[in-house]
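*Asks:* Structure incoming, see below.
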Amino acid sequence: MKKLLSVLLAFTMVFSLTACGGGQSASGNAGTEPATSGASDTINSPLRAQEDEVYYMLAFYSGIEYWKGCYNGFTKAAELYGAKTEFGGPTDSDIASYVNYIRSVIAKNPAGIALTCNDSTGLIDVINEARAAGIPVVTYDSDSAQSDRLAYLGTGNYNAGAAAAKFIAEQIGHAGEVAIVGSPSGSESQIDRIDGFVEYMEKNEPDIQVVAIEDGKADSVESSKAAASIMQAYPGVKGFYTTSAQMGAGVATAVEESGNTGEIKICAFDTDNATLDFIKAGVITGSVAQGVELMGYWSFQFLFQTQHDLVVDEWEENRLTPLPTTVDTGVSIVTKENADLFYAES
Numbered sequence: 001m002k003k004l005l006s007v008l009l010a011f012t013m014v015f016s017l018t019a020c021g022g023g024q025s026a027s028g029n030a031g032t033e034p035a036t037s038g039a040s041d042t043i044n045s046p047l048r049a050q051e052d053e054v055y056y057m058l059a060f061y062s063g064i065e066y067w068k069g070c071y072n073g074f075t076k077a078a079e080l081y082g083a084k085t086e087f088g089g090p091t092d093s094d095i096a097s098y099v100n101y102i103r104s105v106i107a108k109n110p111a112g113i114a115l116t117c118n119d120s121t122g123l124i125d126v127i128n129e130a131r132a133a134g135i136p137v138v139t140y141d142s143d144s145a146q147s148d149r150l151a152y153l154g155t156g157n158y159n160a161g162a163a164a165a166k167f168i169a170e171q172i173g174h175a176g177e178v179a180i181v182g183s184p185s186g187s188e189s190q191i192d193r194i195d196g197f198v199e200y201m202e203k204n205e206p207d208i209q210v211v212a213i214e215d216g217k218a219d220s221v222e223s224s225k226a227a228a229s230i231m232q233a234y235p236g237v238k239g240f241y242t243t244s245a246q247m248g249a250g251v252a253t254a255v256e257e258s259g260n261t262g263e264i265k266i267c268a269f270d271t272d273n274a275t276l277d278f279i280k281a282g283v284i285t286g287s288v289a290q291g292v293e294l295m296g297y298w299s300f301q302f303l304f305q306t307q308h309d310l311v312v313d314e315w316e317e318n319r320l321t322p323l324p325t326t327v328d329t330g331v332s333i334v335t336k337e338n339a340d341l342f343y344a345e346s
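With the first letter of the sequence shown counted as 1, position 255 gets the number 255 in our numbering; the numbers rise by one all the way through.
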């Protein structure tokens, strides 16, 4: 993943060269205790962080591998300005715990907060509290669009679903039955991933039928059961699409146990190491890779630029919009040929 990011960000690093120097990064393990990165010499420059500036990246389920890529991008950007960063959040998805954690960070008066939203409405009040306190806030990965956050940076999930549909259609020869194991009653991002897939097939693939959409409950065991049930009900099914890494692993296990490895095509979502291992083994055909490091990188850039009024002077006093409100960080399709590029850095 580092190889890909270095290419994508090369132009930014050239632009920001005057900001470089003196910064150090020490990424910590995700968890309820913040992981800290960066150090700063006090230099009077708009492209240099001050000694007391700390930027936070927050997440629910903070211990999962996925967030490491986001925080890696966040710290890469911070190093350009010699800024300090911290990562943290609750180790579960309980909304009350998350709100309390965010409030504890607000109390520290950070220079900026990037947070992901497991409940788009449940986090509105606490995001607005941060903004009322004068703290720049952006959301990444999952949004709270009705809040006062300044910008959202993440995957255009509808487009990601369409990309998965296009890939599966090509793999099964543009004809046959396919099924989805996702979370149709889950978050907005999950629903968009399903809708993008289904509507692409309806508009572009008249000979492909989406015969089932089952709830994998974001769990590998439940997803394996769902896939087994679908294969029993539709023995001619030629492909599966899943909307998360955990569900991809579950479907892969079911297909492997049924003896249909390579015969039934699978498009998963995300690139944890287990998914990549399944791809290299030929069980999962491909997976939708989100631009997780880009989410983190540009989240920090947006926060820093806003904190230092580098985009629009006196934007807050004049009630101006200092940032693009939505940024699609894009997706790639990972296959056996390029899977090695996506393994998480140790």
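Think of the CB as a built atom: it goes at the ideal place given N, C-alpha and C, for glycine as much as any other residue.
This structure is a prediction, so every number in the text was calculated from the model and none was measured.
Helix, strand or coil: which one does DSSP assign to A30?
*Replies:* For A30, the pLDDT reaches just 38, beneath the cut-off of 50, and the residue's location in the model is therefore unreliable, although a value from the coordinates is still provided. DSSP places A30 outside both helix and strand once states are collapsed to three, so it counts as coil.
*Asks:* Report yes if the CB atom of Y101 is closer than 8 angstroms to the CB atom of D270, and no otherwise.
*Replies:* no
*Asks:* Using three-state DSSP, classify E86 as helix, strand or coil.
*Replies:* strand
*Asks:* Give me, in chain order, the residues of the same chain whose beta-carbon lies closer than 7 angstroms to that of Y158; leave out the 5 immediate sequence neighbours on both sides.
*Replies:* D192, D195 and G196
*Asks:* For R149, which residues of its own chain have a beta-carbon under 7 angstroms away from its beta-carbon, when the five flanking residues on both sides are left out?
*Replies:* I127, V137, V138 and T139
*Asks:* Buried or exposed for R48, going by 16 or more other Cβ atoms inside 10 Å?
*Replies:* buried
*Asks:* Taking the C-alpha atoms as reference points, what is the distance between R319 and D313?
*Replies:* Across the structure, R319 and D313 are spaced so that their CA atoms are roughly 11 angstroms apart.
*Asks:* Go ahead and label Q232 buried or exposed: buried means 16 or more other beta carbons lie within 10 angstroms of its beta carbon, across all protein chains shown.
*Replies:* Q232 counts as exposed, since fewer than 16 other C-beta atoms from the protein chains shown sit within 10 angstroms of its C-beta.
*Asks:* Is the number of C-beta pairs between the stretch 53 to 71 and the stretch 279 to 288 that are closer than 8 angstroms three or more?
*Replies:* no
*Asks:* May I ask you to report which of helix, strand or coil DSSP gives V105?
*Replies:* helix
*Asks:* Quick test of your reading: F167 and I333, contact by CB under 8 angstroms. State the CB separation rounded to the nearest angstrom.
*Replies:* 5 angstroms
*Asks:* Just to confirm, is the Cβ distance from V178 to T242 under 8 angstroms?
*Replies:* no
*Asks:* Are at least three pairs of beta-carbons, each pair with one atom in the stretch 284 to 304 and one in the stretch 68 to 77, less than 8 angstroms apart?
*Replies:* yes
*Asks:* Just reading off the beta strand (DSSP E) that Q290 is part of, what are its end residues?
*Replies:* From DSSP, the beta strand (DSSP E) with Q290 extends over G286 to Q290.
*Asks:* Ordered along the chain, which non-local residues of its own chain (more than five positions away) have a Cβ less than 6 angstroms from that of V327?
*Replies:* A distance below 6 angstroms between beta-carbons, with the five flanking residues on each side excluded, links V327 to the following residues of its chain, in chain order: L153.
*Asks:* Provide the residue(s) that pair with D348 in DSSP beta bridges, ordered along the chain.
*Replies:* Nothing can be reported for residue 348: it is not among the residues displayed for the chain, which extend from 1 to 346.
*Asks:* Tell whether a beta-carbon distance below 8 angstroms holds between A83 and F304.
*Replies:* yes
*Asks:* Closer than 7 angstroms by C-beta to T275: which residues in its own chain qualify, once you throw out the five before and the five after it? Chain order, please.
*Replies:* Taken in chain order, the residues that qualify are A245, G248, A249, A268, I284 and S287.
*Asks:* Would you call the CB atoms of I208 and A163 closer than 8 angstroms?
*Replies:* Taking 8 angstroms as the Cβ cut-off, I208 and A163 do not qualify as a contacting pair.
*Asks:* What are the complete beta strand (DSSP E) segments, minimum 3 residues, inside the stretch 197 to 283?
*Replies:* 208 to 215, 237 to 242 and 265 to 269
*Asks:* I'd like to confirm the pairing. Which residues does DSSP put opposite V54 in its beta bridges?
*Replies:* K84
*Asks:* Please classify L123: does DSSP put it in a helix, a strand, or coil?
*Replies:* Here L123 sits in coil by DSSP.
*Asks:* Looking only at its own chain, which residues have a Cβ that is under 6 angstroms from the Cβ of A175, when we skip the five neighbours before and after it?
*Replies:* D207
*Asks:* List the endpoints of the continuous beta strand (DSSP E) containing G112.
*Replies:* G112 to L115
*Asks:* Determine the closest residue to E256 out of K68, A227, N72 and A160, with distance taken between C-alpha atoms.
*Replies:* A227
*Asks:* In chain order, what residues of the same chain lie with their CB nearer than 6 angstroms to the CB of S189, ignoring the 5 residues before and after it?
*Replies:* S142 and N157
*Asks:* Could you tell me the alpha carbon to alpha carbon distance between S40 and E51, rounded to whole angstroms?
*Replies:* For S40, the predicted model reports a pLDDT of 44, less than 50, meaning its position is unreliable; a value from the coordinates is still stated below. The straight-line gap from Cα to Cα measures roughly 6 angstroms.
*Asks:* Please report the distance separating the alpha-carbon of Q111 from that of A289.
*Replies:* Sequence inspection shows Ala at residue 111; the Gln mentioned does not correspond to that position. So the two alpha carbons sit approximately 30 angstroms from each other.
*Asks:* Take P322 and list the residues in its own chain whose beta-carbon comes closer than 6 angstroms to its own, dropping the five residues that flank it on each side.
*Replies:* Cβ within range, chain order: T306, V311, V312 and W315.
*Asks:* Among A107, I106 and Q146, which one has its Cα closest to the Cα of C117?
*Replies:* Q146
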